[in-house]
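Sequential numbering from 1 applies to the sequence shown in UniProt numbering. Glycine residues also receive a C-beta, built at the ideal position from the N, C-alpha and C atoms. A quick note: this is a predicted structure, and the numbers were derived from the prediction, not measured. Notes for the one structure printed next.
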Amino acid sequence: MSQFQRESPILAQLCTLLIDDQYGELASRVFSILARHGRQTLAALSRNSYLSGKQLKHGLVILIQQNLLFHSSPGLHHVTYYEINWQQSYALIRYGRMTKMVEDRFGEKASAIISNLVSLGHTRIGDLNEAYFPSNTSDHEEDEEDADTHMNGTAASVAKGNGSTQLLNGTESSKASKTKINASTEKAELQNKDVNSDKVTTDNANVNGDAHTNGKMNGTASVNGEKPAEGNGVTEGQHASKSEVNSLKELHGIIYKLMVEGWIVPVTEAHFLPPHDFHEKVLPEIVAEVFEGRWPSGTKKQTQLKIEVNQRKRYLRDSSIQAANRKRSADLDLEFGRPSKRMRIACTNGDNISTSAQNEYAQNETILDDNLVIRFNLEKLNVAMRTEQLVLLAKKRLGKTTARVYHTLLCALEQSYLRCYEEWPDPPEPEANTHEVDPKYLVTAKEVTRKLDRNIDLTEGLDPHVVINHIGGRFNIVEKDRLTYIDPPADPSELSIDQKCRLVDAHLRLLYQEPFQFVTWYARRGFSQWRVEFDRLCAHMIQQEIENTIMARRDHLGVKLVRALQKKGRLDERGTCVAMMMPAQEIRTVVNEMCLWGFIQTQEIPRVESRMTKHSMHLIWYDKQRARERLLHDTYRGMTRIMQRMAMEKEKVRPVIDKAERSDVVGNEDKYLNQAERDALKKWGEVEEKLLVQLSRQDQLVAILRDFIGPLSI
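Written out as structure tokens, the structure reads:
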């Protein structure tokens, strides 16, 4: 079973609170039933709840549209089973972080598109075109159909969630307004500001740009007394926002660039199947094709079966992504990477991208098929968060300039990594050459130099003697007040590309020489060629978080005990005393507390058949994977309490918030709200901000413990 599907009751409670905050009570009640009872059919859901069939279908449509549920119809009876997608359900807390990371890499327009995809769920390109640039005629408007005929999540129905309208496939109802979607970008900007202050926000923006304010996790405008966006998001007499998409060609170009980079993926059938059903679908196909319908019996054949199944799973999962990455060899446009000729990207098969060179355009252009269904890629967010955490760690240990060089190197590698780790890997070959590395996972100092900002002073953070050896020139080394620096300071704009490459190489060598060994030297090509051993670094980060937690709860003796057990393995009391150089009386207290917290495991081995305590060996040992899971469970519990506290604090000022959200009050708070009500709203905003900052820090810990690397060995 996938480690993301190994749910716990506390995770179920946390995800239920997130869904209730984002999509309302109906969706959260359906979700909670599936969390308690597991895999269910529609009839079983009806028996286990007090909801009507219409309510259940309506809630299922909301959850499926947002990819919060898996669904499949195995067997000959075609009964649909529903199962929770735990990874996607938890990811509701990271939607604001995703839009901020996309904005940092691709700009505000790309961030606005990702924000809208988060709000809409999986969406057809044609529906997205109509939402951004609605046609003047109503020929393309379709009537709403019953929810039970659209259980695949493509129904054009409108779901209510916490007082805010949520569109389910990017097409509005025929009675809804056709205002442009660009207005929702103002709300995305507010969310990005929240992420900058370590807030975690969830995007609840609507296609028509109406900013519904609630004091929820998305921290909206009207609580702060700001006016929501109207029309096209631009007031009269002002210029259009930088995040507004101006043409259909530009929209398709941005989407294609995000598809090439892996942030947007075409939706396939495999995305909706539970892991068990996906495996049961692939396994008979492999047995029939490779083994002629006979189940393998030998060890070698069973190993071959496992390899073939994993390869088929990877192909079905990545075929649509690989198709999107088949870009032209010509240089891409610097802004959005559009190829120089007209390119049409069709539906989600792996071999359906064709290039037509009949008509060439002066401007680069990409055309996407209207029937192509896309969604944002959560696994790419994990890659970006891994980059962020490694850069923060490098900044703490080596300084700001070296961390910026490291950030540029990691960003150059991001396109080569679709995910942080492979869930279905092939078994390692015993005679494989482990020193050979795929060239796409290597970066040279020259490539890093080209991508760096020209205004960065690369001499900072380096030994002045090393700087002079690399750049030469008439510089003096001055030692004053225990400081050593170059006089006169080197001007970054006057350095040649060769000198900058040498300085970048010096920063990379600092990263290599650090005890964490952030990079690994590979070859001399391009001044120097480097790779990053992500698995080893992520394992170090997990161990560091475990030790930080033990240090905060106990003291240095707990960390000392863990390190001794990690180095020596299983130890009895005498061996522990020798390893820690401490008396047994002091060690027993530490061991009891660590066992109670779940960071250390105990084992009793009887010496004789009587199994008497005095005739048994009592061993203690440290399992990093168990400690990781225990700390992750405690983090989930802390996040759940933060969400509960936030709901309780919000309920205290519920009447004031409801009054502030009225359409006649928004923008006129000074007129309709008295001083006590304004003070209550201000106090609630401060409390919410503190809780969201803490929630963001807890989410970063979850990412380190769960998302960057698979199960660990002892």
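Cβ pair residue i, residue j closer than 8 Å
i: K624; j: L712; result: yes
i: A584; j: E573; result: yes
i: W263; j: I114; result: yes
i: E71; j: I64; result: Reading the sequence as shown, one finds His at residue 71 and not Glu. The answer is yes: Cβ separation under 8 Å.
i: W597; j: R553; result: yes
i: D438; j: I709; result: no
i: T387; j: E414; result: yes
i: D707; j: N382; result: yes
i: L17; j: I93; result: no
i: D370; j: N129; result: yes
i: I255; j: L418; result: no
i: E547; j: V562; result: yes
i: N476; j: D491; result: no
i: R375; j: V532; result: no
i: R607; j: H618; result: no
Where residue i sits in the DSSP three-state scheme
i: S329; result: For S329, the pLDDT reaches just 34, beneath the cut-off of 50, and the residue's location in the model is therefore unreliable, leaving the point undetermined.
i: A523; result: strand
i: T213; result: In this predicted model, T213 has a pLDDT of only 35, less than 50, meaning its place in the structure is not dependable; the value taken from the coordinates is given anyway. Note: T213 maps to coil in three-state DSSP.
i: L632; result: helix
i: Q566; result: helix
i: V260; result: helix
i: L248; result: helix
i: W530; result: strand
i: E366; result: The sequence shown places Thr at residue 366, rather than the Glu named in the question. Three-state DSSP puts T366 in a strand.
i: Q66; result: coil
i: V265; result: strand
i: T444; result: strand
i: L92; result: helix
i: I374; result: strand
i: R673; result: Position check: residue 673 holds Leu in this sequence, whereas Arg was assumed. Correct three-state label for L673: coil.
i: Q698; result: helix
i: Y50; result: coil
i: D664; result: coil
i: N455; result: coil
i: M101; result: helix
i: L381; result: helix
i: D555; result: coil
i: Y315; result: helix
i: W295; result: coil
i: Q517; result: coil
i: L26; result: helix
i: E609; result: coil
i: G59; result: helix
i: G399; result: coil
First and last residue of the uninterrupted beta strand (DSSP E) at residue i
i: L619; result: 616-621
i: P489; result: Here P489 belongs to no beta strand (DSSP E), and DSSP marks it neither H nor E.
i: N476; result: 476-480
i: V604; result: A small fix is needed here, since residue 604 is Glu in this sequence, not Val. That run of the beta strand (DSSP E) goes 601-606.
Host alpha helix (DSSP H) of residue i (start-end)
i: N129; result: 125-132
i: Y512; result: 497-513
i: F278; result: 275-290
i: I657; result: 654-660
i: W424; result: Taken as a continuous stretch (DSSP letters only), W424 belongs to no alpha helix (DSSP H), as it is neither H nor E.
i: S111; result: 108-120
i: L712; result: Per DSSP, L712 belongs to no alpha helix (DSSP H) and is neither H nor E.
i: N592; result: 584-597
i: P439; result: From DSSP, P439 is part of no alpha helix (DSSP H); its letter is neither H nor E.
i: I19; result: 9-23
i: I468; result: 464-471
Per DSSP, cross-strand counterpart(s) of residue i
i: T408; result: T408 is not bridged to any residue.
i: H71; result: Y82
i: T41; result: Y81
i: L571; result: I620
CB contact check: residue i to chain D, cutoff 8 Å
i: H507; result: Of the chains in the structure shown, none is chain D; there is only one protein chain.
### Task
Count the CB pairs spanning the segment 388-407 and the segment 72-83 that are closer than 8 Å, and state whether there are at least three.
no
### Query
Should the segment 442-458 be called in touch with the segment 522-540, which here means at least 3 C-beta pairs below 8 Å?
yes
#### Entry: At least 3 beta-carbon pairs within less than 8 Å: the segment 117-137 vs the segment 660-671
no
#### Entry: the segment 472-491 contacting the segment 505-522, beta-carbon criterion three pairs below 8 Å
no
### Query
Using 8 Å as the Cβ pair cut-off and three pairs as the minimum, do the segment 401-409 and the segment 281-300 touch?
no
### Message
Counting beta carbon pairs with one atom in the segment 499-515 and one in the segment 464-476, are three or more of them shorter than 8 Å?
### Response
yes
### Query
How about the segment 99-116 and the segment 27-37: do they share at least three Cβ pairs that are nearer than 8 Å?
no
### Query
Counting pairs of beta carbons, one from the segment 635-642 and one from the segment 653-661, are three or more of them closer than 8 Å?
no
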